[in-house]
Every structure is written in structure tokens, then in C-alpha cells.
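Heads up: the structure comes next, in C-alpha cells.
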Amino acid sequence: MDATAATDATGAVVGDKLEMFRQLNLLEQHRVESFKDWPFPEQSSCSISKMAEAGFYWTGTKRENDTATCFVCSKTLDGWESDDDPWKEHLKHAPQCEFVKLGCAEKDLTVTQFLEILGRVVKTSIEKNCKAFKQSFISDNENSLDKFTHNK
Ligand SMILES: [Zn+2]
16 MDATAATDAT GAVVGDKLEM FRQLNLLEQH RVESFKDWPF PEQSSCSISK
66 MAEAGFYWTG TKRENDTATC FVCSKTLDGW ESDDDPWKEH LKHAPQCEFV
116 KLGCAEKDLT VTQFLEILGR VVKTSIEKNC KAFKQSFISD NENSLDKFTH
166 NK
């Protein structure tokens, strides 16, 4: 057994998992890193770290840089003010969100709570992919059927 190879293999597996977590914005650290731009400094109530703690990742653009989305309920909020509290805004606009209902930062979640959130996020992601697949399947077949009927 080549010890180096084994370490590399483990590293690759862990790397893949983290990459999946990153795509889902599952980890607070990844949400922090998603902010490429943000109009508020670290000392404001809705700083990047407080936004990420409350479940938000950046979905802004260069022109509208104050847009953020929840990684669990997908609620998107913009027009933030520097004294807005991300947890309060989250609860106000998406009281049904599983994450905001727990109301605690990632570091305070129990493993069970974290796994429930993980399950929810993965389920939502799968549902979204299935929906997109179904839509493209329908439109592809509609196009084929149109072509077929026009050729008749
Ligand atoms: Zn949410």
C-alpha cells in the first residue's frame, strides 16, 4: 500500500465533497467567500460575515451589489441598509425557512440540525434540477413534434 497515494485519494474525496458543499453554499465560510462585492463594511449590522452567518450568499452583480440569497429557502433580498439585522430580515421575509427557524449560527448547530439542513438543501437542489430537466425535455419534444407536424 502506497501511503502517499492513499492520502491523495482521501484528499480528492474530501475535495469533491467540499466542492459540492461550495456549490450549495452550505458552509458559512463558502458563503463569506461568495461575496465578491458588498456595499457595507465589517462593522455594520449587515456585514458580509453577519450576512453569511444568517444564511445569505451573494447573488449581486457589479451594478446591483447588495443582493443576497438564502442557501436553504432561496429567498433573495436586496436594498439592504447598514443597520439591517440579517437574521431579523430573513425571519421577516421568509418565516418558513428551516434555517432561520433554528435561528443559530453554523457553529452552534448540533450535528443533527446540520444534517437536517444538508438534507433540505440537497433535496431542493435535486428538485430544481429535475424541474429544469423536465422543462427542457418538454420543450425539446414540443420542437420535435412541431417539426414533425409541419413536415406532414
Ligand atoms: Zn432562508
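Numbering of the sequence shown is given in the working numbering, commencing with residue 16 and proceeding in unit increments.
Just so you know, even glycine gets a beta-carbon here, dropped at the ideal spot from N, CA and C.
Nearest-angstrom Cα separation, counted from residue j out to residue i
i: Gln44; j: Leu160; result: 48 Å
i: Lys77; j: Phe50; result: 11 Å
i: Asp100; j: Pro56; result: 14 Å
i: Ser64; j: Gln111; result: 23 Å
i: Thr127; j: Glu79; result: 37 Å
i: Gln58; j: Glu68; result: 14 Å
i: Glu121; j: Asp98; result: 22 Å
i: Leu106; j: Phe148; result: 32 Å
i: Asp123; j: Ile153; result: 44 Å
i: Gly118; j: Leu41; result: 16 Å
Reduced DSSP secondary structure (H/G/I, E/B, other) of residue i
i: Ala83; result: strand
i: Leu106; result: helix
i: Thr91; result: strand
i: Phe55; result: coil
i: Phe71; result: strand
i: Cys61; result: coil
i: Lys77; result: coil
i: Asp123; result: helix
i: Asn156; result: helix
Close-in-space but distant-in-sequence residues of the same chain around residue i (CB under 8 Å, 5 per side omitted)
i: Glu96; result: Cys61
i: Asp155; result: none
i: Glu113; result: Val87, Cys88, Glu131, Ile132 and Arg135
i: His108; result: Lys90 and Leu92
i: Leu39; result: Phe86, Val136, Val137 and Ser140
Chain B within 7 Å of residue i, Cβ atoms only
i: Pro101; result: Note that chain B does not occur in the displayed structure, where there is just one protein chain.
Contact belief for residue i with residue j at Cβ below 8 Å, rounded distance in angstroms
i: Val47; j: Phe86; result: Between Phe86 and Val47 the Cβ distance is about 12 Å, and since that is not below 8 Å, they are no contact.
i: Val115; j: Gly75; result: With a Cβ gap of about 20 Å, Val115 and Gly75 do not count as contacting.
Beta-carbon contacts of residue i that lie in its chain and below 7 Å, excluding the five residues immediately before and after
i: Glu104; result: Leu92
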